[in-house]
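Chemist:
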Amino acid sequence: GILPSKIALHSYGGTGDMAKAFLGKTLKSTIYFGFSVAINMRSPKTRKVIESIPDDRLLPETDLPSTEGMEEDIKEMYKIISEVKGWTLEETN
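Position in the sequence shown counted from 1, then plus 19, gives you my numbering.
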């Protein structure tokens, strides 16, 4: 089958090596890796995985069941990404 032009891996839980394998495939799809406080930050490996993802392929998410708390969670995910990547919050946006 034909894949879409863009694919988002929701609350990506794989390793950095697995992400590199996805990116190294000869897929015509652009792959984005989503990370959320609610799901991903439970794992101690997440910061290392975020570090390995190309900057333009990071997708901050909330993964909350409602909009309640969404703004706080997305801000927290942006903060984590900025810390891992060594960026300011402004650069993360």
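For each residue, glycine too, the CB sits at the ideal point set by N, CA and C.
1. In terms of residue numbering, what span does the alpha helix (DSSP H) encompassing E80 cover?
2. Give a yes or no on whether the C-beta atoms belonging to A27 and L78 are separated by under 7 Å.
3. Which residue marks the beginning of the alpha helix (DSSP H) containing A40, and which one marks its end?
4. Specify, as a first and last residue, the run of the alpha helix (DSSP H) that L83 falls within.
5. Identify every residue that forms a DSSP beta bridge with A57.
6. Report the option in P63, G88, K47 and A57 whose CA atom is closest to the CA atom of G35.
7. With a threshold of 16 other CB atoms inside 10 Å of the CB of I21, please say whether the residue is buried or exposed.
8. With burial defined as no fewer than 16 other Cβ atoms inside 10 Å of the residue's Cβ, what is the status of T65: buried or exposed?
9. What does the alpha-carbon distance come out to for the pair G33 and L108?
Modeler: Taking the definition as stated:
1. Segment L77 to E80 is the beta strand (DSSP E) holding E80; no alpha helix (DSSP H) there.
2. yes
3. G35 to G43
4. Per DSSP, L83 belongs to no alpha helix (DSSP H) and is neither H nor E.
5. A57 is not bridged to any residue.
6. P63
7. exposed
8. buried
9. 25 Å
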